[in-house]
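Peer 1: One line per chain: the protein sequences are A and B, in this order. Note that this note's numbering has the first sequence beginning at 383, numbered continuously upward. Note that this note's numbering has the second sequence beginning at 383, numbered continuously upward.
Protein chains: 2
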Amino acid sequence: MTDKPFLNQVFSPSRFTKEELEKILPKYEQVYFTKNQFLLTEGKTANHYWFIESGFIRSYAIDTEGNDVSTNFYAVGDTVIDWPSFFLRKPSRENIQALTDCVCWQLDFDTFQSLFHSIEAFREQGRTTLVGSYFALKNHSISMITDPAKDRYKKLVSEKPEILQNVSLKQIATFLGITDTSLSRIRKEIANEI
Amino acid sequence: MTDKPFLNQVFSPSRFTKEELEKILPKYEQVYFTKNQFLLTEGKTANHYWFIESGFIRSYAIDTEGNDVSTNFYAVGDTVIDWPSFFLRKPSRENIQALTDCVCWQLDFDTFQSLFHSIEAFREQGRTTLVGSYFALKNHSISMITDPAKDRYKKLVSEKPEILQNVSLKQIATFLGITDTSLSRIRKEIANEI
DNA sequence: TAGGAGTCTTGCCATAGGGCAAGAAATGGA
DNA sequence: TCCATTTCTTGCCCTATGGCAAGACTCCTA
């Protein structure tokens, strides 16, 4: 196991037995993505998911007018997955793209299924990750209704500071549900608050 | 099994064996809620979830200013559950309230766990339900950014027509992220479109 | 190292939706 | 069946954000 230190963080020895880890860890494959490379594109059915060992990733959807809307940002340690596409086995509505060079660990659906149905701790952890995603999405969704754009921006930056280095203003703006023009003005206001 | 026709719809004989159904169905308990009764309140940890056999239910959160924001509406056949509270075993951020008298079938967490870990088809179905909720929430979230309020209202009414009979204008408005005043004007516009 | 593509800022004006308050309509008890 | 309460509508004006376009800045890359 010592040859995969990153995965040993993801699968804590306190939650998994040594035998379980020996079944799980070898199944993950290290893969590299270069800046701007796509991990998944709209219309394809996701057959993998990834843990990010290093790098930064964005997912986005294309709306009816052809504009792209950022749906999520993923940093080191995050799980990158299109849940509906991966589990419902249907074409993705989103694109997932590396914003920097990345090192990831990937698993395919069939292997996931066999681990999921044979190892109780594995499915507990998987379910927890999914519910955590659901919770984050719901909080963001409520925040879109109750909080002004400036507050949402501040919260986003405090939670994922890497975003400032890796993501364009426009891509951040669509995640917040505003235009790049408005976000530029909000940034100016925040600068003047000091 | 014939004494629980509703549950036989939820657990299709094509996905479960006879033996599995005999383990699953007796665990669900029929419960009644009267109009305005709470199924779950903020701060409590959810220990049950429900299938709705009849009735209509709303969930909502309270924002920092004390306003309530509708987060979901549940109709006949829907699964009513606070995913993060139920699975992460932490206090709920939401309230779930019956908007009409309801007949539901409930299951508690411990029983869920034993079925989840012992019956493969049960966990597949549970996972599918959760991913379906995630998908619906994400679509709503994207719609909040890309679609005008009028379109979101039309979509909501077409998907859950019962909402018109059971939910006040204000409670619908907060779900759409607008005020009751604005929704009233939108309704008027729609009426004039005819 | 200059040109060009993308990115960010800024000004001008337009618009969707919000805040408030008054009145109208519906609803629900007693 | 009548009153009280809640819900819904409407008018007035305001604010946050959008749309567009020009200019500034950055950063590739030939």
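C-beta: ideal position from N, C-alpha, C; glycine also.
1. Going along chain A in order, which residues have a C-beta closer than 8 Å to the C-beta of residue 522 of chain B?
2. At the level of alpha carbons, what is the spacing between residue 495 of chain A and residue 421 of chain A?
3. If you reduce the DSSP assignment to three classes, tell me which class residue 435 of chain A lands in.
4. Would the segment 478-486 of chain A and the segment 432-440 of chain A be scored as touching if the rule is three or more Cβ pairs under 8 Å?
5. Find out if the Cβ-Cβ distance for the pair residue 461 of chain A, residue 515 of chain A is shorter than 9 Å.
6. Who pairs with residue 499 of chain B in a beta bridge, going by DSSP?
7. Looking at chain A, which residues of the segment 496-517 of chain B have a Cβ within less than 9 Å of any of its Cβ atoms?
8. In the DSSP assignment, the beta strand (DSSP E) including residue 416 of chain B goes from what residue to what residue?
9. Does the separation of the CB atoms of residue 434 of chain A and residue 458 of chain A fall below 9 Å?
10. Residue 469 of chain A touches chain B at which residues, Cβ-Cβ below 8 Å?
11. The ligand MG and residue 490 of chain A: does the residue's C-beta get closer than 8 Å to at least one heavy atom of that ligand?
12. Below 8 Å on the Cβ atoms is my guess for residue 538 of chain B versus residue 565 of chain B; work out the distance and round it to an integer in Å.
13. Excluding the 5 residues flanking residue 488 of chain B on each side, which residues of the same chain have their C-beta closer than 6 Å to its C-beta?
14. Alpha carbon to alpha carbon, how far is residue 466 of chain B from residue 512 of chain B?
15. Given residue 419 of chain B, which residues of its chain have a CB within under 6 Å of its CB, disregarding the five upstream and five downstream residues?
16. If you follow the beta strand (DSSP E) that residue 424 of chain A is part of, which residue opens it and which one closes it?
17. Per DSSP, what kind of secondary structure is residue 411 of chain B in: helix, strand or coil?
18. By how many angstroms is the C-alpha of residue 529 of chain B removed from the C-alpha of residue 554 of chain B?
19. DSSP three-state label for residue 458 of chain A, please.
20. Run through chain B and tell me which residues come within less than 8 Å of residue 559 of chain A, C-beta to C-beta.
21. Which residues in the same chain have their Cβ closer than 8 Å to the Cβ of residue 572 of chain B, if we skip the five residues on either side of it in sequence?
22. Would you say residue 465 of chain B lies against chain A (beta-carbon separation less than 9 Å)?
23. Please work out which residues of its chain come closer than 8 Å, Cβ to Cβ, to residue 445 of chain B, disregarding the five sequence neighbours upstream and downstream, and give them in chain order.
24. Do you know offhand how far residue 567 of chain B's Cα is from residue 426 of chain B's?
25. Could you spell out where the beta strand (DSSP E) holding residue 554 of chain A opens and where it closes?
26. For the alpha helix (DSSP H) that residue 572 of chain B lies in, which residues bound it at each end?
27. Can you list, in chain order, the residues of its chain with a C-beta nearer than 6 Å to that of residue 454 of chain B? Leave out the 5 residues immediately preceding and following it.
28. Considering residue 533 of chain A, what are the terminal residues of the alpha helix (DSSP H) in which it resides?
29. Taking the Cβ atom as the reference point for each residue, do residue 499 of chain B and residue 523 of chain A lie within a distance shorter than 9 Å?
30. Give the interface partners of residue 453 of chain B over in chain A, defined as CB-CB distance under 9 Å, in chain order.
31. In the DSSP assignment, find the beta strand (DSSP E) that holds residue 403 of chain B and state where it starts and stops.
32. Given this structure, state the Cα-to-Cα distance separating residue 402 of chain B from residue 395 of chain B, to the nearest angstrom.
33. If the criterion is Cβ atoms closer than 9 Å, does the pair residue 409 of chain B and residue 546 of chain B meet it?
Peer 2: Inspection of the coordinates gives the following:
1. 523
2. 20 Å
3. strand
4. yes
5. yes
6. Looking at the DSSP assignment, residue 499 of chain B forms no beta bridge with any residue, so it has no partner.
7. 498, 499, 502, 505, 506, 508, 509, 510, 512, 513, 514, 515, 516, 517
8. Here residue 416 of chain B belongs to no beta strand (DSSP E), and DSSP marks it neither H nor E.
9. yes
10. 509, 510, 513
11. Ligands in the displayed structure: none, and consequently the ligand MG is not present.
12. In fact, because the Cβ distance is near 11 Å, the residues do not count as touching under 8 Å.
13. 411, 413, 430, 432
14. 11 Å
15. 480
16. From DSSP, residue 424 of chain A is part of no beta strand (DSSP E); its letter is neither H nor E.
17. strand
18. 16 Å
19. coil
20. 526, 527
21. 532, 535, 536
22. yes
23. 451
24. 37 Å
25. Here residue 554 of chain A belongs to no beta strand (DSSP E); instead the alpha helix (DSSP H) covers 551-558.
26. 562-575
27. 441
28. 531-541
29. no
30. 520, 523, 524
31. From DSSP, residue 403 of chain B is part of no beta strand (DSSP E) but of the alpha helix (DSSP H) over 400-406.
32. 9 Å
33. no
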